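As they're listed, the protein sequences go chains U and W. If you want my numbering, it's the position in the first sequence, counting the first as 1, plus 5. If you want my numbering, it's the position in the second sequence, counting the first as 1, plus 5. C-beta atoms are modelled at their ideal positions from N, C-alpha and C, and glycine is treated no differently. Because the structure is a prediction, the values reported are computed rather than measured. Have a look at the structure below, then the notes.
Protein chains: 2
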Amino acid sequence: MARPNLSTASRRLEAGASAESVADTLRRAVLAHRVAPGVKLSEEEVGNALGVGRTIVREALRTLAHEHLVEIHRNRGAFVVRPDKREAIEIFEARSLLEPRTARSAAERAVYADVSDLRRHLTEESEAMAVGDSGRAVYLSGQFHVQVARIANQITIARFIESLVLRSSLIVALYWRRPSAMCECHAHEALVDAMAAGDGARAEEIMRGHLVDLLSGLDLAERPRSDVSLAAALKGL
Amino acid sequence: MARPNLSTASRRLEAGASAESVADTLRRAVLAHRVAPGVKLSEEEVGNALGVGRTIVREALRTLAHEHLVEIHRNRGAFVVRPDKREAIEIFEARSLLEPRTARSAAERAVYADVSDLRRHLTEESEAMAVGDSGRAVYLSGQFHVQVARIANQITIARFIESLVLRSSLIVALYWRRPSAMCECHAHEALVDAMAAGDGARAEEIMRGHLVDLLSGLDLAERPRSDVSLAAALKGL
DNA sequence: GGGCTAAGAATTGCCAACAATCTTTGATCT
DNA sequence: AGATCAAAGATTGTTGGCAATTCTTAGCCC
Numbered sequence: 006m007a008r009p010n011l012s013t014a015s016r017r018l019e020a021g022a023s024a025e026s027v028a029d030t031l032r033r034a035v036l037a038h039r040v041a042p043g044v045k046l047s048e049e050e051v052g053n054a055l056g057v058g059r060t061i062v063r064e065a066l067r068t069l070a071h072e073h074l075v076e077i078h079r080n081r082g083a084f085v086v087r088p089d090k091r092e093a094i095e096i097f098e099a100r101s102l103l104e105p106r107t108a109r110s111a112a113e114r115a116v117y118a119d120v121s122d123l124r125r126h127l128t129e130e131s132e133a134m135a136v137g138d139s140g141r142a143v144y145l146s147g148q149f150h151v152q153v154a155r156i157a158n159q160i161t162i163a164r165f166i167e168s169l170v171l172r173s174s175l176i177v178a179l180y181w182r183r184p185s186a187m188c189e190c191h192a193h194e195a196l197v198d199a200m201a202a203g204d205g206a207r208a209e210e211i212m213r214g215h216l217v218d219l220l221s222g223l224d225l226a227e228r229p230r231s232d233v234s235l236a237a238a239l240k241g242l
Numbered sequence: 006m007a008r009p010n011l012s013t014a015s016r017r018l019e020a021g022a023s024a025e026s027v028a029d030t031l032r033r034a035v036l037a038h039r040v041a042p043g044v045k046l047s048e049e050e051v052g053n054a055l056g057v058g059r060t061i062v063r064e065a066l067r068t069l070a071h072e073h074l075v076e077i078h079r080n081r082g083a084f085v086v087r088p089d090k091r092e093a094i095e096i097f098e099a100r101s102l103l104e105p106r107t108a109r110s111a112a113e114r115a116v117y118a119d120v121s122d123l124r125r126h127l128t129e130e131s132e133a134m135a136v137g138d139s140g141r142a143v144y145l146s147g148q149f150h151v152q153v154a155r156i157a158n159q160i161t162i163a164r165f166i167e168s169l170v171l172r173s174s175l176i177v178a179l180y181w182r183r184p185s186a187m188c189e190c191h192a193h194e195a196l197v198d199a200m201a202a203g204d205g206a207r208a209e210e211i212m213r214g215h216l217v218d219l220l221s222g223l224d225l226a227e228r229p230r231s232d233v234s235l236a237a238a239l240k241g242l
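See below:
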């Protein structure tokens, strides 16, 4: 029986790995497309792959279900979600309500350290993109938005944005038109500039446009639903 | 040892009660102030009170923790949250970003059945208030907002609003100035009227003002942190 | 051959017991 | 008396196993 190697990227969790570690590993695996949407995440398989008991995995899967990254069907198991067109639009609709105003607040509150953190983050992004690690690039690109929300010092809104960004990353990984050339991220740089200048109105407008660009950069045509079963996914590795 | 009677309102769950039922019972108990903020929700106590095993209770408590209605401290247990001033403001800030625009969408999409459902809901609200069941009144008043979000047909945003409304209900129950006279809900009626007329702009404006009124109706002065322990809470019943 | 039924296998749901951790209580020392 | 420390008690964290449900497969009938 082929062992699934979910943990290649996460250097096998040491003993005492809590459910949160497992959830984090699975989260990254889903976002990096190491496990394709629709794949079933068997409790025992995941447990064996990560070296933890089924209970821990159960809890981690429940966490991911709360984040809408997996769906749990009673007595059937957990499956990686496959966001459809409607869901994609809804998520970007929600982001459009939250993020522009939050970016404005962030720009008005940002101190030097904040801006410098963001710039460091941008270089990480471009490095990942230069190396061609598109999984990491998508992830970092999302975390940029989370970081902006944190600067706005609104942890409730920041958490919502974090959740939306996670799901957006999955959507981008699924539907992005040009798999090679990621979002050029000029928007991110412009946003940091606006924040450095303390120009809230400009930051708000940049963010609004950026979100529109992101959504319109997707190809939301209905896909043939590859419907990969667990076997196919594991064989592929 | 006094048995806690959390289940008085929920007619003791039948066998096969899933974790979601327990979560729902606890949710209502927290919102109706049957269990005060700060109280510890022991897994075994809750399990005994509701006639289910500890595993089910554990799962339910995790769910509530994801909703920020309880806090789980490792190896220490789950405690009902006590929202502070900052959290209250943050939550209404988030609602102000989401709900006005959502109310506009709802007004523009609402069909006759939607409006009629809302009117029925309003009568339930006033009945609960007339009877003096303030716990139920607060709950229904919150559900009104959720229902509006559902009419907007944006389930992602509706879920966020639902989560925010739950926490708001707890905040209102904690900090409302006049415990007797609840929000007169003229705003709710006006909102339904605007929706019936299909006037999105008016609905948006009413919702915006309503949220401001709600927040300014709170007395957010720091409280002495009664810090009720489990014993005190159970003795009181 | 296609479709239906039933037995078997595999997986999740749940519970009870054990282990780990924290809190409390009581004694001891300064 | 107050503080410190240790052991007992209580609660959560985790594991393994059994029961319940679902999916698969083999067999049968039309």
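On a CA-only basis, which of the options is nearest residue i? Give me that one, please.
i	options	result
TRP181(W)	ILE156(W), ARG125(W) and LEU219(W)	LEU219(W)
ALA142(W)	HIS126(W), ILE156(W) and ALA157(W)	HIS126(W)
ALA37(W)	ALA157(W), LEU223(W), LYS90(W) and VAL85(W)	VAL85(W)
ASP122(U)	VAL153(U), ALA192(U) and GLU98(U)	VAL153(U)
ARG87(U)	PHE97(U), ILE96(U) and VAL75(U)	VAL75(U)
ASP247(W)	ILE211(W), VAL177(W) and ILE77(W)	The question about residue 247(W) has no answer here: the residues shown for chain W are numbered 6 through 242.
ALA83(U)	VAL35(U), TYR144(U), SER168(U) and GLN148(U)	VAL35(U)
MET212(U)	VAL197(U), ASP224(U) and LEU225(U)	VAL197(U)
HIS78(W)	ASP224(W), ARG63(W) and THR161(W)	ARG63(W)
LEU103(W)	GLU129(W), THR161(W), SER174(W) and SER221(W)	THR161(W)
ALA202(W)	TYR117(W), ARG39(W), ALA135(W) and GLY140(W)	TYR117(W)
ALA192(W)	ARG33(W), GLU130(W) and ARG91(W)	GLU130(W)
ALA41(U)	LEU31(U), GLU48(U) and ARG59(U)	LEU31(U)
Between the C-alpha atoms of residue i and residue j, what's the straight-line distance to the nearest angstrom?
i	j	result
LEU69(U)	GLY56(U)	19 Å
LEU179(W)	ILE94(W)	14 Å
GLU113(U)	PRO105(U)	13 Å
ALA24(U)	GLN159(U)	26 Å
ALA195(U)	GLY214(U)	11 Å
ALA28(W)	LEU66(W)	7 Å
LEU46(W)	LEU171(W)	18 Å
ALA99(W)	HIS150(U)	17 Å
SER185(U)	GLY137(U)	Per-residue confidence for SER185(U) stands at a pLDDT of 48, beneath the threshold of 50, marking its modelled position as unreliable; the derived number appears in the next sentence. Each residue's Cα considered, the two are about 8 Å apart.
ILE166(W)	VAL51(U)	33 Å
SER146(W)	HIS73(U)	27 Å
ASN53(W)	ARG81(W)	19 Å
ARG124(U)	PHE97(U)	25 Å
ALA163(W)	ARG155(W)	6 Å
LEU216(U)	GLU210(U)	10 Å
VAL44(U)	LEU225(U)	20 Å
GLY222(U)	MET134(W)	50 Å
LEU169(W)	GLU92(W)	11 Å
GLY140(U)	SER26(U)	19 Å
MET200(W)	SER173(U)	31 Å
ALA115(W)	ASP119(U)	44 Å
GLU49(W)	GLY58(W)	8 Å
ALA157(W)	THR128(W)	22 Å
THR60(W)	ARG33(U)	28 Å
ARG39(U)	TYR144(W)	43 Å
GLN148(W)	GLN148(U)	33 Å
SER101(U)	GLU132(U)	28 Å
HIS71(U)	HIS71(W)	7 Å
What residues match up with residue i in a beta bridge as DSSP calls it?
i	result
ALA83(W)	LEU46(W) and ILE77(W)
LEU223(W)	TRP181(W)
Task: Near-chain W residues of the segment 20–53 of chain U - C-beta to any C-beta below 7 Å - done: When C-beta distances to chain W are compared with 7 Å, every residue of the segment 20–53 of chain U stays at or above that value.
- [ ] Could you run through the segment 95–109 of chain W and flag, in chain order, every residue whose CB is less than 7 Å away from some CB of chain U?
- [x] GLU95, ILE96, GLU98, ALA99, LEU102, LEU103 and ARG106
Task: the segment 103–117 of chain W in contact with the segment 191–211 of chain W per 3-pair CB rule at 8 Å - done: yes
Open item on the list: Give me the subset of the segment 62–81 of chain W whose CB atoms are less than 9 Å from a CB atom of chain U, sorted by chain position.
Closed with: ARG63, GLU64, ARG67, THR68, HIS71, GLU72, HIS73 and ARG79
Task: Residues within the segment 127–160 of chain U neighbouring chain W, beta-carbon criterion of under 8 Å - done: GLN159 and ILE160
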